[in-house]
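Student: According to my numbering, the sequence shown is numbered sequentially starting from 1042.
Think of the CB as a built atom: it goes at the ideal place given N, C-alpha and C, for glycine as much as any other residue.
Sharing a structure here in structure tokens format.
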Amino acid sequence: MSIKVALNHLTAYRFERPVFLGPHIVRLRPAPRCYMPVKNYAFKVHTPEHSLYWQQDPYGNFLARLIFPQATTEIKLEVDLIAEIQSINPFNFLVEPDAELYPFTYDRQLAKELIPFLEIAESGPLLQEWIATISRQETAITDFIVSLNQRLKQEITYSLRLEPGIQSCEETLSKKMGSCRDSGWLLVQILRHCGLAARFVSGYLIQLVPDGNPPDGPKVDSAALHAWAEVYLPGAGWVGLDPTSGLLAAEGHIPLACTADPERAAPVTGSTEACETYLDYSLTVSRLN
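Next up, the structure:
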């Protein structure tokens, strides 16, 4: 049985005075490959003078490029979508025989195509120490990726961090704490050190109160911007891993941007003249009968 939900996401930047803006890139449209059917999607820019151009980046993500020809005191962006949530089995995939056991090696052509997702960006001492504890004995690949994901869930405490940017792996490991984007990037780097192609994902996470309202589940229906990792398994494709929950990405995850570098997955990027800026933000979800 499926449940239709409506998601509304409002982001508004208000400026202390009229300012000129550089081009802005918005990554708030569901990626071509999604875990759930998105039935309707609308993106609105509530700033009178603007031009909107849709394009796709080299990874296939949808981007809205905004041009503002006049000085303005506000940028107001609104997303409305309707999605159909139905239970899925995140383990419902088959890997190629050569990749059923870890460790394995990507074939030459595939490895060439995955080069951006195999690049190791961090190799600090704490990260190296953590990786040294990973067993390299032959094991089922699904067991291997699940164990890494669950271990991060146990060792890294989730923190709602409002500062921009991504913590380094060293900072996340030293604090044993980080936001979803911090633990997601840490998992990406760990997977790459293990020889597995991985990418960073930003998106929406919808959590509905389960039947029976169990004590360890959400108390109210909610939606939030979220981040996680995906690993590439031959035959299965990209498999989502959410180290915040220790689970595989499933029906509640709506990817918006999947990239090799987290900076390329930010929901909104752009430039303004120097001024005081205020942010208004809301993200709500409701069930549709």
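1. According to DSSP, is Q1127 part of a helix, a strand, or is it coil?
2. Evaluate I1161 with the Cβ neighbour count: other Cβ atoms within 10 Å of its Cβ, from every protein chain shown; 16 or more gives buried, anything less gives exposed.
3. Would you mind sorting M1077 into buried or exposed? The rule is 16 or more other CB atoms within 10 Å of its CB.
4. Please give me, in chain order, every unbroken run of the beta strand (DSSP E) with length at least 3 that falls completely inside the region 1294-1329.
5. In chain order, what residues of the same chain lie with their CB nearer than 8 Å to the CB of L1155, ignoring the 5 residues before and after it?
6. Who are the near neighbours of L1143 in its chain, counting only those whose CB is closer than 6 Å to its CB and skipping five residues on each side?
7. What residues match up with N1081 in a beta bridge as DSSP calls it?
8. Measuring only the C-alpha atoms, how far is L1277 from E1271?
9. Let me confirm a value: P1205 is counted as buried when at least 16 other C-beta atoms fall within 10 Å, else exposed. Which label applies?
10. Give me the Cα-Cα distance between L1093 and A1315, rounded to the nearest whole angstrom.
11. Cβ atoms of C1210 and L1168: under 8 Å apart, would you say?
12. What residue range is occupied by the uninterrupted beta strand (DSSP E) comprising S1164?
13. Once the 5 residues before and after Q1230 are set aside, which same chain residues still bring their CB inside 6 Å of it?
14. Count Cβ pairs between the region 1102-1112 and the region 1044-1054 that sit closer than 8 Å; are there 3 or more?
15. Would you please state the rounded distance, in angstroms, between the beta carbons of I1116 and I1044? I believe it to be under 8 Å.
16. Taking a contact to mean a Cβ-Cβ separation below 8 Å, would you say S1224 touches L1193 in this structure?
17. Please confirm whether L1297 and L1118 have their CB atoms less than 8 Å apart.
18. Provide the residue span of the alpha helix (DSSP H) that contains F1185, from first to last.
19. Which one or two residues does DSSP pair with Y1076 in a beta bridge?
20. List the endpoints of the continuous beta strand (DSSP E) containing L1051.
21. Am I right that W1269 and V1309 are in contact with their C-beta atoms under 8 Å? What's the rounded C-beta distance?
Tutor: If we stick to the structure as given:
1. Looking at Q1127 - three-state DSSP - the assignment turns out to be strand.
2. So I1161 counts as exposed.
3. Buried is the call here.
4. If we require 3 residues or more, the beta strand (DSSP E) runs fully inside the region 1294-1329 come out as 1294-1300, 1318-1329.
5. Cβ within range, chain order: Y1147, A1238, Y1273.
6. According to the sequence provided, residue 1143 is Tyr. The question's Leu does not apply to it. Only T1180, I1182, F1185 meet the Cβ criterion.
7. The secondary-structure analysis by DSSP pairs N1081 across a beta bridge with I1123.
8. The amino acid occupying residue 1277 in the given sequence is Ala; Leu does not appear at that position. Rounded to the nearest angstrom, the two C-alpha atoms are 12 Å apart.
9. Note on P1205: under 16 other CB atoms within 10 angstroms of its CB, so exposed under the neighbour-count rule.
10. Using only the alpha carbons, I get a separation of about 24 Å.
11. In contact: L1168 and C1210 (Cβ atoms closer than 8 Å).
12. That residue, S1164, is in no beta strand (DSSP E); it is neither H nor E in DSSP.
13. Answer for Q1230: E1163, C1210, listed in chain order.
14. With a cut-off of 8 Å, the region 1044-1054 and the region 1102-1112 do not count as touching, because too few Cβ pairs lie within range.
15. Contact between I1116 and I1044 fails: their C-beta atoms lie close to 33 Å from each other, not under 8 Å.
16. Going by C-beta atoms, S1224 is nearer than 8 Å to L1193.
17. In this structure, the beta-carbon distance from L1297 to L1118 does not fall below 8 Å.
18. Counting along the chain, the alpha helix (DSSP H) containing F1185 begins and ends at 1182-1196.
19. Answer by DSSP bridge pairing: none, since Y1076 is not bridged.
20. Segment 1043-1060, the beta strand (DSSP E) holding L1051.
21. About 19 Å separates the two Cβ atoms, so there is no contact after all.
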